[in-house]
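Take a look at the structure set out below.
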Amino acid sequence: MKNSEIYEEVLEMFEPKIKKSLLNTHFQEREDLEQEIKIKIYEKIDVLNDMYVPGFFEFIEQGK
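End of the sequence shown = 175 in this note's numbering, gap-free, step of one.
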């Protein structure tokens with residue numbers, strides 16, 4: 112799966128929550144705040160993608 116597909120899938124999952132949360136803000140600030148939220152989501156996805164997690168057998172081998 113490409114990074115762009117991952118971003119789109121994650122944003123699609125969070126979209127209802129983002130929209131609902133933005134209802135609590137002034138309408139003139141919503142667009143900017145929505146962009147800031149999406150930027151933070153992109154940044155966190157990048158951090159998670161860069162983290163190395165060993166597979167099960169690698170983990171077992173490291174414990175020996």
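Just so it is clear, CB atoms sit at the ideal spot from N, CA and C, and this is done for glycine as well.
Open item on the list: Would you call the region 167-174 in contact with the region 136-146, where contact means no fewer than 3 C-beta pairs closer than 8 angstroms?
Closed with: Taking 8 angstroms as the limit for Cβ pairs, the verdict is that the region 136-146 does not touch the region 167-174.
TODO: Would you mind giving the Cβ-Cβ distance between I117 and I150, rounded to the nearest angstrom? I have them listed as a contact below 8 angstroms.
DONE: Approximately 16 angstroms separates the beta-carbon atoms of I117 and I150; this is outside 8 angstroms, ruling out the contact.
Open item on the list: Let me make sure I understand the geometry here. Which of N160, F138, E140, E172 has the alpha-carbon closest to that of K113?
Closed with: Closest by alpha carbon: N160.
Task: Nearest-angstrom Cβ-Cβ length linking V121 and I148, presumed shorter than 8 angstroms - done: Taking 8 angstroms as the upper bound for CB-CB distance, V121 and I148 are not in contact here, some 12 angstroms apart.
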